[in-house]
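**Student:** One structure follows; several queries about it will come next.
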Amino acid sequence: MSAATKFAPVSTASAAGDSNGIMLVVKGGKIRSYNNGEKSESELANGTTYEGTYLGSVPNKFEPTKSDYQIRMDDDTLVILGNCASLNQQLTQVAEGELVRVSYNGRKTIKRKTGATAEMHDFLVERAIES
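Take -18 as the starting number for the sequence shown in this note's numbering and just add one per residue.
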């Protein structure tokens, strides 16, 4: 992706091997990195951003009725974003093959219909636009 690529928000509201051997799995506020058989894990920091080609959804390996989402970055790293409401609402509006930028904005507190509060992971999904 060039530095001149512009992005706009999408809305207001298993892992196969890859060619360079690097895969990132983002789930539950953590990043798991798999690099040629080596595994490491770290916390997902606010402001973490992934840019690349949206490859579509794949069934979650623990809950096949839910989807995880794949992005192939320019350096050929495969990023798998774990299922969460924030991503589900936005990535269902993106077509496979589109250039996207996904930014993690940390956790936010929401109010449920019952009046109870809960924390959720907050992502912003943007798609590339013609300039």
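All C-beta atoms, glycine included, are put in the ideal place defined by N, C-alpha and C.
Would Q74 be called buried (16 or more neighbouring beta carbons within 10 Å of its own) or exposed?
**Tutor:** Residue numbering aside, residue 74 sits at position 93 when the sequence shown is read from its first letter. Answer is exposed; the Cβ neighbour count stays below 16.
**Student:** Can you confirm whether the stretch 18 to 26 touches the stretch 43 to 54 when touching is taken to mean that 3 or more C-beta pairs between the two stretches lie within less than 8 Å?
**Tutor:** Taking 8 Å as the limit for Cβ pairs, the verdict is that the stretch 18 to 26 does not touch the stretch 43 to 54.
**Student:** Near R93, what residues of its chain come up, given a Cβ to Cβ distance below 8 Å and the 5 sequence neighbours on each side ignored?
**Tutor:** The residue given as residue 93 occupies position 112 in the sequence shown. So the list reads A99, once near-sequence residues are dropped.
**Student:** Under three-state DSSP, which class holds Q74?
**Tutor:** Along the sequence shown, read from residue 1 onward, the residue named residue 74 stands at position 93. Reduced to three states, the DSSP call for Q74 is coil.
**Student:** From which residue to which residue does the beta strand (DSSP E) around D56 run?
**Tutor:** The residue you call residue 56 lines up with position 75 of the sequence shown. Element bounds for D56: n/a, residue is neither H nor E.
**Student:** In or out: F104 buried (at least 16 other Cβ within 10 Å) or exposed?
**Tutor:** Taking the sequence shown and counting its residues from 1, the one referred to as residue 104 is at position 123. When all chains shown are included, F104 counts as buried.
**Student:** Considering only heavy atoms of the ligand GTP, does any lie closer than 7 Å to the CB of C65?
**Tutor:** Of ligands this structure carries none, so the ligand GTP is not represented either.
**Student:** DSSP on A66, reduced to helix/strand/coil?
**Tutor:** Taking the first residue of the sequence shown as position 1, residue 66 is located at position 85. Here A66 sits in helix by DSSP.
**Student:** Quick one: what's P40 bridged to in DSSP?
**Tutor:** In the sequence shown, counting from the first residue as 1, residue 40 sits at position 59. Answer by DSSP bridge pairing, in chain order: S48.
**Student:** For I91, which option in G9, T29 and S67 has the closest C-alpha, if you only look at C-alpha atoms?
**Tutor:** Counting from 1 along the sequence shown, the entry for residue 91 is found at position 110. Taking only the C-alpha atoms, the option nearest I91 is S67.
**Student:** Using DSSP bridges, identify the partner residues of L5.
**Tutor:** Here residue 5 refers to the residue found at position 24 when the sequence shown is read from its first residue. Answer is S14 and V60, bridged to L5.
**Student:** In chain order, what residues of the same chain have a beta carbon less than 7 Å from the beta carbon of L36, not counting five sequence neighbours either side?
**Tutor:** Mapped onto the sequence shown, residue 36 falls at position 55. Cβ within range, chain order: Q51, I52, R53 and E77.
**Student:** Let me know if G96 comes out buried or exposed under the rule of 16 or more other beta-carbons within 10 Å of its beta-carbon.
**Tutor:** If you number the sequence shown from 1, residue 96 lands on position 115. Exposed, by the Cβ-count rule.
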